[in-house]
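Visitor: Numbering (our numbering), first residue to last: 10 to 402. Ideal Cβ placement from N, Cα and C applies to all residues, glycine included. Please read these numbers as outputs of a predicted model, since none were measured by experiment.
1) Taking all protein chains shown into account, decide if residue 268 is buried (16 or more other Cβ within 10 angstroms of its Cβ) or exposed.
2) Suppose contacts are defined by Cβ-Cβ distances below 9 Å. Is residue 192 in contact with residue 316 by that definition?
3) Going by alpha carbons, who is nearest to residue 184 out of 121, 374, 384 and 288?
4) CA-CA distance, residue 94 and residue 372?
5) Does DSSP put residue 385 in a helix, a strand or coil?
6) Residue 161 to residue 392, Cα distance in whole Å?
7) How about residue 3 and residue 142: are their beta carbons less than 9 Å apart?
8) Using 9 Å as the threshold, is the C-beta distance between residue 39 and residue 22 below it?
9) In its own chain, which residues sit with a C-beta less than 6 Å from the C-beta of residue 33, not counting the 5 before and 5 after it?
10) How far does the alpha helix (DSSP H) with residue 335 in it reach, from first residue to last?
11) For residue 150, which residues from the same chain have a beta carbon less than 6 Å from its beta carbon, with the 5 sequence-adjacent residues on both sides left out?
12) So the candidates are 198, 189, 136 and 127; which of them puts its Cα closest to the Cα of residue 170?
13) Return the CA-CA distance between residue 138 and residue 358, expressed in angstroms with no decimal places.
14) In angstroms with no decimal places, state the Cα-to-Cα distance between residue 280 and residue 196.
15) Which residues bound the alpha helix (DSSP H) around residue 138?
16) In whole angstroms, what separates the C-alpha of residue 111 from that of residue 216?
17) Among the candidates 342, 44 and 288, whose CA atom is the shortest distance from the CA of residue 211?
18) Only counting the same chain, and skipping five residues up and downstream in sequence, which positions put a Cβ closer than 8 Å to that of residue 303?
19) Could you tell me the alpha carbon to alpha carbon distance between residue 78 and residue 42, rounded to whole angstroms?
20) Please state the DSSP three-state secondary structure of residue 358.
21) What residue range is occupied by the uninterrupted alpha helix (DSSP H) comprising residue 205?
22) Considering residue 149, what are the terminal residues of the alpha helix (DSSP H) in which it resides?
23) Can you tell me the Cα-Cα spacing of residue 155 and residue 362, whole angstroms?
24) Look at residue 152 and residue 67 and say whether their C-beta atoms are less than 9 Å apart.
25) Determine whether the beta carbon atoms of residue 349 and residue 327 lie at a separation below 9 Å.
26) In angstroms with no decimal places, state the Cα-to-Cα distance between residue 179 and residue 188.
27) Do residue 387 and residue 275 come within 9 Å of each other at the CB atom, strictly closer than that value?
Take a look at the structure:
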């Protein structure tokens, strides 16, 4: 049987559940001081993570991409929602669908590992948190290549590679520019990355001002969405950004029942916990805290690295902007809310790893981790249940 002819069977989803369980157990030592793996364990974690991305049966996107891959390769002139770069990969670089996934998701995983190595955090700790909480998000859609490019680019701009400032600036902006070709919505992430590069934009005064302006922003977005929904779209333009946007806004296929509501809470509440930690990290001053508290842990650093503050600001911005779409805006925006919030999982991973390493807001960090891990297993069990019932997500 061809892999592309598979359906979301319970046994396939159960295999993903076993892989995640193995990864969580395998990487648990990365959560403990000194937050280091032995080389064989690190490579095994990366290898199993790659295999999970290659055979990510838990969500329907694996099968959707399989269908689109066949159409791209064997049906000349077939239009899909995929960007042109994926058409080039499918037709010129990959002899089959698994190689296509290996190039896209494997490339994104490689860039993420480079970020783990480059950022001023324990790379193995960051990898352990990533596998336990966010690997299932990473394995889901093609947008992860855009994520990995833009965030590595931002990190390189804030922390030059080997002290080579000019080369790092060029490399950083090239990565940001390339990420725009890998997903239609990448401009959202790039815009926030550029905004987060300026350290003085997020402080106590501006945060209070943003909270005060939030109701007016909600009203403005509601008016823009109503105007957008009223705009006629040519039904033949199946791959246009506007058509895709209207499809998201009219998506009412998911009823918010108790099971799905619990899914949303476990999957997305950790972002808000980490956003609070990120806000504290961005404003963190070790000297002031040492004067106010006598029980400050000895693991506190002399200074928060520039790229960690950058990812802290980015996490806060993503959560604030995404939450706009959680409210009733006159259209079904829950899909947009989830899509935009998922832009935050790599920045959140960096922030949580740094806070975990230096015991910043340790109770909140632990609660975010436990909730995130619960969300991972709940998502897989929920997908297994739907596959057992024969219901597509």
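Guide: Straight from the coordinates:
1) The sequence position of residue 268 within the chain shown is 259, counting from 1. So residue 268 ends up on the exposed side.
2) Looking up residue 192 in the chain shown gives position 183. Looking up residue 316 in the chain shown gives position 307. Their beta carbons are not under 9 Å apart, which means residue 192 does not touch residue 316 by this criterion.
3) Against the chain shown, residue 184 aligns to sequence position 175. The shortest Cα separation from residue 184 among 121, 374, 384 and 288 belongs to 121.
4) Stepping through the chain shown from its first residue, residue 94 is reached at position 85. Stepping through the chain shown from its first residue, residue 372 is reached at position 363. Answer to the nearest angstrom: the Cα atoms are 43 Å apart.
5) Counting from one through the chain shown, the residue named residue 385 turns up at place 376. It is helical.
6) Within the chain shown, residue 161 is the residue found at index 152, counting from 1. Within the chain shown, residue 392 is the residue found at index 383, counting from 1. Distance from the CA atom of residue 161 to the CA atom of residue 392, rounded to whole angstroms, is 31 Å.
7) The structure shown has nothing for residue 3, since the chain only spans 10 to 402.
8) Here residue 39 refers to the residue found at position 30 of the chain shown. Here residue 22 refers to the residue found at position 13 of the chain shown. Not in contact: residue 39 and residue 22 (Cβ atoms no closer than 9 Å).
9) Start at 1 with the first residue of the chain shown, and residue 33 comes out as number 24. Hits under 6 Å: 141.
10) To locate residue 335, count along the chain shown from 1; it is residue 326. Where residue 335 is concerned, there is no enclosing alpha helix (DSSP H), given that its DSSP letter is neither H nor E.
11) Translated into positions along the chain shown, residue 150 becomes position 141. Here the set comprises 70.
12) Here residue 170 refers to the residue found at position 161 when the chain shown is read from its first residue. Of the candidates 198, 189, 136 and 127, the one whose C-alpha sits nearest the C-alpha of residue 170 is 127.
13) Position 129 of the chain shown, counted from the start, is the residue given in the question as residue 138. Position 349 of the chain shown, counted from the start, is the residue given in the question as residue 358. Those two C-alpha atoms are separated by around 7 Å.
14) The count along the chain shown starts at 1 and reaches residue 280 at position 271. The count along the chain shown starts at 1 and reaches residue 196 at position 187. When rounded, the distance between both Cα atoms is 21 Å.
15) As a working mapping, residue 138 is identified with position 129 in the chain shown. Note, residue 138: alpha helix (DSSP H), 132 to 138.
16) Here residue 111 refers to the residue found at position 102 of the chain shown. Here residue 216 refers to the residue found at position 207 of the chain shown. Those two C-alpha atoms are separated by around 41 Å.
17) The residue given as residue 211 occupies position 202 in the chain shown. Nearest option by C-alpha distance: 288.
18) In the chain shown, counting from the first residue as 1, residue 303 sits at position 294. Residue placement at residue 303 is poorly supported in this model, since its pLDDT is 48, which falls under 50; the coordinates still yield a value, given next. There are no such residues.
19) As a first step, residue 78 is located in the chain shown; it is residue number 69 there, counting from the start. As a first step, residue 42 is located in the chain shown; it is residue number 33 there, counting from the start. If you take the alpha carbons of residue 78 and residue 42, they lie about 44 Å apart.
20) Reading the chain shown from its first residue, position 349 is the one you call residue 358. It is helical.
21) By 1-based counting over the chain shown, the position of residue 205 is 196. That run of the alpha helix (DSSP H) goes 195 to 205.
22) The residue labelled residue 149 in the question sits at position 140 within the chain shown. Membership of residue 149 in any alpha helix (DSSP H) is not indicated, and neither H nor E is assigned to it by DSSP.
23) As a first step, residue 155 must be located in the chain shown, where it is residue number 146. As a first step, residue 362 must be located in the chain shown, where it is residue number 353. Taking the straight line joining both Cα atoms gives about 22 Å.
24) Taking the first residue of the chain shown as 1, we reach residue 152 at position 143. Taking the first residue of the chain shown as 1, we reach residue 67 at position 58. Not closer than 9 Å, so no.
25) To locate residue 349, count along the chain shown from 1; it is residue 340. To locate residue 327, count along the chain shown from 1; it is residue 318. Against a cut-off of 9 Å, the Cβ pair of residue 327 and residue 349 comes out as a contact.
26) In the chain shown, counting from the first residue as 1, residue 179 sits at position 170. In the chain shown, counting from the first residue as 1, residue 188 sits at position 179. In a straight line, the C-alpha of residue 179 is about 14 Å away from that of residue 188.
27) Locating residue 275 in the chain shown gives position 266, where the first residue counts as 1. Locating residue 387 in the chain shown gives position 378, where the first residue counts as 1. Closer than 9 Å, so yes.
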